[in-house]
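Participant: Same order as they appear, the protein sequences are chains A and B.
In this text, residue positions in the first sequence follow my numbering: the first is 34, and each later residue adds one.
In this text, residue positions in the second sequence follow my numbering: the first is 34, and each later residue adds one.
The beta carbon of each residue, even a glycine, is placed where N, CA and C say it ideally should be.
Number of protein chains: 2
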Amino acid sequence: MFVLEQSFEVSYRYKVFFTAHLFARDNELLACLFGSLVEPDYVAKALFVLDEGVLACHPDLPRQISEYFKAYGDKVRLAPEMIVVPGGEAVKNDPVHVEKIVDAIDRHGIDRHSYLLAVGGGAVLDMAGYAAAISHRGVRHIRIPTTVLSQNDSGIGVKNSVNYRGKKNFLGTFVPPVAVINDSHFLTTLSARDWRSGIAEAVKVALIKDLSFFEWIEANGHALADRSAAAMEHLIIKCADLHLRHIRGGDPFEFGSARPLDFGHWAAHKLEYLTGFGLRHGEAVAIGIALDSVYSFKKGLIREEDVERILRLFSTLGFELCHERLWERESFYLKEGLTEFREHLGGKLTITLLEALGKGMEVHEMDERLIEASAIYLKNYEESLHLSPSASA
Amino acid sequence: MFVLEQSFEVSYRYKVFFTAHLFARDNELLACLFGSLVEPDYVAKALFVLDEGVLACHPDLPRQISEYFKAYGDKVRLAPEMIVVPGGEAVKNDPVHVEKIVDAIDRHGIDRHSYLLAVGGGAVLDMAGYAAAISHRGVRHIRIPTTVLSQNDSGIGVKNSVNYRGKKNFLGTFVPPVAVINDSHFLTTLSARDWRSGIAEAVKVALIKDLSFFEWIEANGHALADRSAAAMEHLIIKCADLHLRHIRGGDPFEFGSARPLDFGHWAAHKLEYLTGFGLRHGEAVAIGIALDSVYSFKKGLIREEDVERILRLFSTLGFELCHERLWERESFYLKEGLTEFREHLGGKLTITLLEALGKGMEVHEMDERLIEASAIYLKNYEESLHLSPSASA
Numbered sequence: 034m035f036v037l038e039q040s041f042e043v044s045y046r047y048k049v050f051f052t053a054h055l056f057a058r059d060n061e062l063l064a065c066l067f068g069s070l071v072e073p074d075y076v077a078k079a080l081f082v083l084d085e086g087v088l089a090c091h092p093d094l095p096r097q098i099s100e101y102f103k104a105y106g107d108k109v110r111l112a113p114e115m116i117v118v119p120g121g122e123a124v125k126n127d128p129v130h131v132e133k134i135v136d137a138i139d140r141h142g143i144d145r146h147s148y149l150l151a152v153g154g155g156a157v158l159d160m161a162g163y164a165a166a167i168s169h170r171g172v173r174h175i176r177i178p179t180t181v182l183s184q185n186d187s188g189i190g191v192k193n194s195v196n197y198r199g200k201k202n203f204l205g206t207f208v209p210p211v212a213v214i215n216d217s218h219f220l221t222t223l224s225a226r227d228w229r230s231g232i233a234e235a236v237k238v239a240l241i242k243d244l245s246f247f248e249w250i251e252a253n254g255h256a257l258a259d260r261s262a263a264a265m266e267h268l269i270i271k272c273a274d275l276h277l278r279h280i281r282g283g284d285p286f287e288f289g290s291a292r293p294l295d296f297g298h299w300a301a302h303k304l305e306y307l308t309g310f311g312l313r314h315g316e317a318v319a320i321g322i323a324l325d326s327v328y329s330f331k332k333g334l335i336r337e338e339d340v341e342r343i344l345r346l347f348s349t350l351g352f353e354l355c356h357e358r359l360w361e362r363e364s365f366y367l368k369e370g371l372t373e374f375r376e377h378l379g380g381k382l383t384i385t386l387l388e389a390l391g392k393g394m395e396v397h398e399m400d401e402r403l404i405e406a407s408a409i410y411l412k413n414y415e416e417s418l419h420l421s422p423s424a425s426a
Numbered sequence: 034m035f036v037l038e039q040s041f042e043v044s045y046r047y048k049v050f051f052t053a054h055l056f057a058r059d060n061e062l063l064a065c066l067f068g069s070l071v072e073p074d075y076v077a078k079a080l081f082v083l084d085e086g087v088l089a090c091h092p093d094l095p096r097q098i099s100e101y102f103k104a105y106g107d108k109v110r111l112a113p114e115m116i117v118v119p120g121g122e123a124v125k126n127d128p129v130h131v132e133k134i135v136d137a138i139d140r141h142g143i144d145r146h147s148y149l150l151a152v153g154g155g156a157v158l159d160m161a162g163y164a165a166a167i168s169h170r171g172v173r174h175i176r177i178p179t180t181v182l183s184q185n186d187s188g189i190g191v192k193n194s195v196n197y198r199g200k201k202n203f204l205g206t207f208v209p210p211v212a213v214i215n216d217s218h219f220l221t222t223l224s225a226r227d228w229r230s231g232i233a234e235a236v237k238v239a240l241i242k243d244l245s246f247f248e249w250i251e252a253n254g255h256a257l258a259d260r261s262a263a264a265m266e267h268l269i270i271k272c273a274d275l276h277l278r279h280i281r282g283g284d285p286f287e288f289g290s291a292r293p294l295d296f297g298h299w300a301a302h303k304l305e306y307l308t309g310f311g312l313r314h315g316e317a318v319a320i321g322i323a324l325d326s327v328y329s330f331k332k333g334l335i336r337e338e339d340v341e342r343i344l345r346l347f348s349t350l351g352f353e354l355c356h357e358r359l360w361e362r363e364s365f366y367l368k369e370g371l372t373e374f375r376e377h378l379g380g381k382l383t384i385t386l387l388e389a390l391g392k393g394m395e396v397h398e399m400d401e402r403l404i405e406a407s408a409i410y411l412k413n414y415e416e417s418l419h420l421s422p423s424a425s426a
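(1) Does the separation of the CB atoms of Ile343/A and Ala317/A fall below 8 Å?
(2) Spell out the partners DSSP gives Leu223/B in its beta bridges.
(3) Helix or strand or just coil, what does DSSP make of Asn126/B?
(4) In terms of residues, what are the limits of the alpha helix (DSSP H) holding Glu266/B?
(5) Could you tell me whether the stretch 409 to 421 of chain B touches the stretch 339 to 356 of chain B, where touching means 3 or more Cβ pairs closer than 8 Å?
(6) Taking the beta strand (DSSP E) that Glu341/B falls in, what are its first and last residues?
(7) By the 10 Å Cβ neighbour count, where 16 or more other Cβ atoms means buried, how is Lys242/B classified, buried or exposed?
(8) For Ser99/B, which option in Gly68/B, Leu55/B, Phe310/B has the closest C-alpha, if you only look at C-alpha atoms?
(9) Would you say Glu285/B lies against chain A (beta-carbon separation less than 8 Å)?
(10) Grouping DSSP H, G and I as helix and E and B as strand, with all else coil, what is Met160/B?
(11) What residues match up with Asn215/B in a beta bridge as DSSP calls it?
(12) Strictly under 8 Å for the Cβ-Cβ distance: is Thr206/A near chain B by that measure?
(13) Within 10 angstroms of the Cβ of Pro92/B, are there 16 or more other Cβ atoms? Answer buried if so, exposed if not.
(14) Output, in sequence order along the chain, the residues in the stretch 42 to 66 of chain A whose CB is closer than 7 Å to any CB in chain B.
(15) When burial is assigned at 16 or more other CB atoms within 10 Å of the CB, is Cys272/A buried or exposed?
(16) Within the same chain, show all residues whose beta-carbon is closer than 7 Å to that of Lys192/B, passing over the 5 residues directly before and after it, in chain order.
(17) Classify Ser329/A: buried if its beta carbon has 16 or more other beta carbons within 10 angstroms, exposed otherwise.
(18) Terminal residues of the continuous beta strand (DSSP E) containing Asp84/A?
(19) If we ignore side chains and look at the alpha-carbon of each, how far apart do Ile269/B and Glu401/B end up?
(20) Got a sec: is the Cβ-Cβ distance from Val109/A to anything in chain B below 8 Å?
(21) Looking at C-alpha atoms only, which residue of Glu61/B, Trp228/B, Ser147/B is the closest neighbour of Arg489/B?
(22) For the stretch 361 to 392 of chain A, which residues have a CB atom closer than 9 Å to at least one CB atom of chain B, in sequence order?
(23) Please tell me whether Tyr410/B has its Cβ less than 8 Å away from any Cβ of chain A.
(24) So what does DSSP say about His174/B, is it helix, strand or coil?
(25) Just to confirm my understanding: we take Ala104/B, look at its own chain, exclude 5 residues before and 5 after, and list those with CB closer than 7 Å. What are they?
(26) List the DSSP bridge partners of Met34/A.
(27) Determine the chain B residues that contact Gly171/A at a beta-carbon separation under 8 Å, and present them in chain order.
(28) Which partner residues does Lys392/A have in the DSSP bridge list?
(29) Hey, could you find the ends of the beta strand (DSSP E) Ile116/B is sitting in?
(30) Report the CB separation of His146/B from Gly380/A in whole angstroms; it is logged as a contact under 8 Å.
(31) By Cβ distance, which residues of its chain are closer than 6 Å to Ala426/A, with the 5 residues on each side in sequence left out?
(32) Taking all protein chains shown into account, do 16 or more other C-beta atoms lie within 10 angstroms of the C-beta of Gly41/B, making it buried, or fewer, making it exposed?
(33) By the 10 Å Cβ neighbour count, where 16 or more other Cβ atoms means buried, how is Asp264/A classified, buried or exposed?
(34) Who pairs with Ser194/A in a beta bridge, going by DSSP?
(35) Could you pull out every unbroken alpha helix (DSSP H) segment of at least 4 residues lying fully inside the stretch 226 to 265 of chain B, listed in chain order?
(36) Taking 8 Å as the cut-off, does the stretch 62 to 73 of chain A touch the stretch 59 to 75 of chain B (at least 3 CB pairs, one atom from each stretch)?
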């Protein structure tokens with residue numbers, strides 16, 4: 034027997050920009066970005082994928098993009114069409130959308146040194162990022178997230194995916210974008226649910242990593258609920274920063290079993306499915322966090338007053354913490370979420386709980402009776418709120 | 034405007050093993066490999082993909098694999114079925130094969146800590162590697178290449194792919210395997226064409242990187258043509274080593290434009306297509322190398338006696354250097370290969386030529402008249418061989 038050993042490292046580097054009115058004539062960000070990314074003596078191409086839901090609120094967007102490239106497009110030529118796809122989870126379920134983008138990449142000669150820019154919510158970015166990652170073994174991808182959730186969490190990381198035969202994120206890759214641009218103007222047209230939903234991921238990362246950020250969210254809970262743009266901007270930057278630090282500090286492509294950023298997510302994924310994606314991802318995550326926080330208390334890891342702070346914060350922000358699917362007989366289905374979570378990640382079951390506010394810890398098993406008791410605790414908590422509405426104030 | 038910067042490195046490490054009779058009861062290689070790869074206290078799963086062409090020559094393979102896992106399967110449980118797919122380029126053309134593997138990964142619960150093992154030629158490994166790379170964002174992939182070409186070149190690297198709407202390798206990713214196992218026993222049943230074909234990639238890497246290896250191939254040309262197992266083993270190890278060094282020494286995931294390992298490949302890809310894949314990849318690469326070597330001479334980069342050594346070596350090995358598609362009117366189509374090559378890679382056209390035997394150099398344009406003159410030179414060379422067959426001795 035003879036052996037050759039291979040070993041090497043691949044370096045990734047990208048920036049997450051925060052701006053407003055990205056395609057306004059006087060905003061030079063994107064032009065400067067292309068100036069730094071595109072090789073000398075080369076004119077790259079750019080193909081846009083637009084989220085239908087974003088277009089409905091910003092119908093002028095395609096015209097703005099075209100005019101922007103007319104003004105600044107000396108390094109990058111805009112493809113003669115833009116691909117419009119539905120927003121929300123549906124776009125990840127039907128393979129026709131990936132195919133549509135791959136075909137456009139082919140048709141317009143978008144090569145490995147050209148750019149696919151996707152403007153939309155997390156689902157559209159996930160799907161378009163996957164199409165970019167598999168075309169020519171990876172065309173360059175710029176993400177322009179338009180929701181709170183995608184600006185502070187899903188849109189800034191290294192994953193992409195689509196669903197396959199009803200299995201969430203079954204197909205996907207780890208491929209970082211070449212840049213992310215968060216445009217705060219898109220947040221102004223979000224529905225109340227989408228505005229709120231993304232805050233759940235900020236609460237999550239604060240709870241497992243940063244007590245002072247959790248306290249900042251507590252202090253600004255009402256401002257966030259009242260749609261303060263300044264508070265939201267701070268929240269998104271801080272949350273994005275914690276996520277980016279986590280990715281670079283750990284295991285970016287998740288070769289191991291640890292998944293601390295998935296705190297609350299085993300139940301969330303199952304709840305999204307059980308409600309036919311009637312719950313937004315962030316809404317489901319809030320319930321998942323609440324459930325695993327109560328579980329952490331019942332396991333003796335954190336104090337009841339800690340749990341109450343968490344639940345109170347979610348109530349202030351306007352989250353419902355007790356979907357009927359959680360505590361009915363259906364809770365037995367919920368527990369299947371643990372198995373599915375383990376199978377998707379592979380290896381040993383690894384669940385993040387709280388050992389303190391601002392500090393996560395990993396466990397490798399969960400007690401089913403305690404999960405059910407935690408669901409009942411949440412139900413009673415929500416009922417007590419409805420009996421005395423002022424309690425949520 | 035505010036900016037967060039992300040930067041990190043991802044480390045890859047894998048071994049390329051050389052053995053014989055991998056699934057023989059007394060060969061502990063695979064058992065030891067799983068012993069080192071699988072996490073403690075965890076039983077992983079293994080799903081096999083088998084090349085129909087390999088099965089035809091080794092019909093006992095599935096039984097051997099099953100018995101091997103019965104004997105050694107304490108760390109890894111074998112899935113209850115093996116997936117059999119056609120060999121050769123056809124398997125990369127029809128998306129049904131990727132789907133078949135993805136479905137089996139789902140059905141048998143192959144997670145990110147389990148293993149997809151593919152046994153076959155380069156096309157089967159490319160296709161199965163792609164299915165592994167996109168499932169669960171990457172299940173672990175072990176390649177067991179069975180041809181000279183896949184053992185010394187395509188099977189040991191970091192790429193996978195399938196064709197899409199007739200475009201070679203249009204869909205794919207850069208994802209290294211967790212191990213490669215070259216079993217020399219599979220080489221004994223190769224057809225003469227497959228035996229010879231893979232030698233072209235060794236000539237290629239020798240010509241651009243290592244004069245002494247080129248001289249070794251020259252000295253062993255007849256032994257290789259006569260199917261000396263010992264000579265072939267040396268050739269494969271040396272060629273694999275040069276490829277692995279190139280990958281780790283350069284730009285493993287090809288973010289830049291340089292592609293020195295693609296010496297001779299712009300014409301080869303086009304020739305494969307123009308002949309409806311009637312030419313094996315290695316046969317087309319030999320012609321592509323011959324063409325670009327003559328071109329290098331006509332450009333004044335190398336001497337005519339250098340070209341003659343290259344052409345003489347290919348003749349000794351039994352390669353035909355002048356397919357009718359090369360020098361007929363069709364040579365105009367051949368030139369389209371340059372544009373297609375640039376488009377697939379993206380960025381500036383980058384072609385490798387020779388500045389000496391054992392030393393490649395990059396150019397960014399090619400002279401179409403000189404390409405045609407090079408094709409005619411090859412035609413005349415081949416005709417002179419047929420007039421005096423001893424010239425090739």
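Facilitator: So, from the data block:
(1) Start at 1 with the first residue of the first sequence, and residue 343/A comes out as number 310. Start at 1 with the first residue of the first sequence, and residue 317/A comes out as number 284. In this structure, Ile343/A lies away from Ala317/A, with their beta-carbon atoms at least 8 Å apart.
(2) Mapped onto the second sequence, residue 223/B falls at position 190. DSSP lists no beta-bridge partner residue for Leu223/B.
(3) Along the second sequence, read from residue 1 onward, the residue named residue 126/B stands at position 93. Three-state DSSP puts Asn126/B in a helix.
(4) Counted from its first residue, the second sequence places residue 266/B at position 233. That run of the alpha helix (DSSP H) goes 262 to 282.
(5) Contact between the stretch 409 to 421 of chain B and the stretch 339 to 356 of chain B is present, with at least three C-beta pairs closer than 8 Å.
(6) The sequence position of residue 341/B within the second sequence is 308, counting from 1. Annotation for Glu341/B: no beta strand (DSSP E) segment contains it, though the alpha helix (DSSP H) segment containing it runs 337 to 350.
(7) On the second sequence, residue 242/B is found 209 positions in, with the first residue counted as 1. It counts as buried.
(8) As a first step, residue 99/B is located in the second sequence; it is residue number 66 there, counting from the start. The shortest Cα separation from Ser99/B among Gly68/B, Leu55/B, Phe310/B belongs to Leu55/B.
(9) Sequence index remark: in the second sequence, residue 285/B carries index 252 (1-based). Reading the sequence as shown, one finds Pro at residue 285/B and not Glu. Interface residue, yes.
(10) Locating residue 160/B in the second sequence gives position 127, counting from the first residue. It is helical.
(11) Position 182 of the second sequence, counted from the start, is the residue given in the question as residue 215/B. In the DSSP output, where bridge partners are listed per residue, Asn215/B has Phe51/B.
(12) Residue mapping note: residue 206/A aligns to position 173 of the first sequence, counting from 1. Proximity of Thr206/A to chain B, defined by a Cβ-Cβ separation below 8 Å, is satisfied.
(13) Taking the second sequence and counting its residues from 1, the one referred to as residue 92/B is at position 59. Exposed.
(14) Result list: Glu42, Val43, Ser44, Tyr45, Arg46, Tyr47, Lys48, Val49, Phe50, Phe51, Thr52, Leu62.
(15) Taking the first sequence and counting its residues from 1, one reaches residue 272/A at position 239. Answer is buried; the Cβ neighbour count reaches 16.
(16) Here residue 192/B corresponds to residue number 159 of the second sequence, with the count starting at 1. Once the five neighbours on either side are set aside, the close Cβ partners of Lys192/B are Gly205, Phe207.
(17) Residue numbering aside, residue 329/A sits at position 296 when the first sequence is read from its first letter. So Ser329/A counts as buried.
(18) Position 51 of the first sequence, counted from the first residue, corresponds to residue 84/A. Note, Asp84/A: beta strand (DSSP E), 77 to 84.
(19) For the purposes of this step, residue 269/B is taken as the residue at position 236 of the second sequence. For the purposes of this step, residue 401/B is taken as the residue at position 368 of the second sequence. Taking the Cα positions, Ile269/B is about 35 Å away from Glu401/B.
(20) In the first sequence, the residue the question calls residue 109/A occupies position 76. For Val109/A, the answer is no, since every Cβ of chain B falls outside 8 Å of its Cβ.
(21) No answer is possible for residue 489/B: the residues shown for chain B start at 34 and end at 426.
(22) Across the stretch 361 to 392 of chain A, CB contacts with chain B closer than 9 Å involve Arg375, Glu376, His377, Leu378, Gly379, Gly380, Lys381, in sequence order along the chain.
(23) Stepping through the second sequence from its first residue, residue 410/B is reached at position 377. With its beta carbon at least 8 Å from every one in chain A, Tyr410/B lies outside the interface.
(24) If you number the second sequence from 1, residue 174/B lands on position 141. In the structure shown, His174/B sits in a strand (DSSP, three-state: E or B).
(25) Within the second sequence, numbered from 1, the residue matching residue 104/B stands at position 71. Take Ala104/B, set aside five residues on each side of it, and the residues of its chain with a beta-carbon closer than 7 Å to its own are Arg58, in chain order.
(26) Here residue 34/A is taken as the residue at index 1 of the first sequence, counted from 1. The partner list for Met34/A (beta bridge, DSSP) is empty, contrary to what the question assumes.
(27) Along the first sequence, one-based indexing puts residue 171/A at 138. Near Gly171/A (Cβ distances below 8 Å), the residues of chain B are Thr206, Phe207, Phe286.
(28) For this step, residue 392/A is matched to residue 359 along the first sequence. Beta-bridge analysis with DSSP links Lys392/A to Ala389/A.
(29) Walking along the second sequence from the start, residue 116/B turns up at place 83. First-last of the beta strand (DSSP E) with Ile116/B: 116 to 118.
(30) Stepping through the second sequence from its first residue, residue 146/B is reached at position 113. Stepping through the first sequence from its first residue, residue 380/A is reached at position 347. Taking C-beta atoms under 8 Å as the contact rule, His146/B and Gly380/A qualify, at a distance of about 4 Å.
(31) Counting from one through the first sequence, the residue named residue 426/A turns up at place 393. Residue placement at Ala426/A is flagged as unreliable, the pLDDT there being 40, under the threshold of 50; the coordinate-derived value follows with that caveat. Leaving aside the five residues that flank Ala426/A on each side, none in its chain has a CB nearer than 6 Å to its CB.
(32) If you number the second sequence from 1, residue 41/B lands on position 8. The sequence given here has Phe at residue 41/B, not Gly. Classification of Phe41/B: buried, given that the 10 Å Cβ count is 16 or more.
(33) Reading the first sequence from its first residue, position 231 is the one you call residue 264/A. At residue 264/A the sequence reads Ala, which differs from the Asp that was named. Label assigned to Ala264/A: buried.
(34) Here residue 194/A refers to the residue found at position 161 of the first sequence. Gly205/A, per the DSSP bridge assignment.
(35) Runs found: 232 to 242, 244 to 252, 254 to 258.
(36) Contact between the stretch 59 to 75 of chain B and the stretch 62 to 73 of chain A is absent, because fewer than three Cβ pairs lie under 8 Å.
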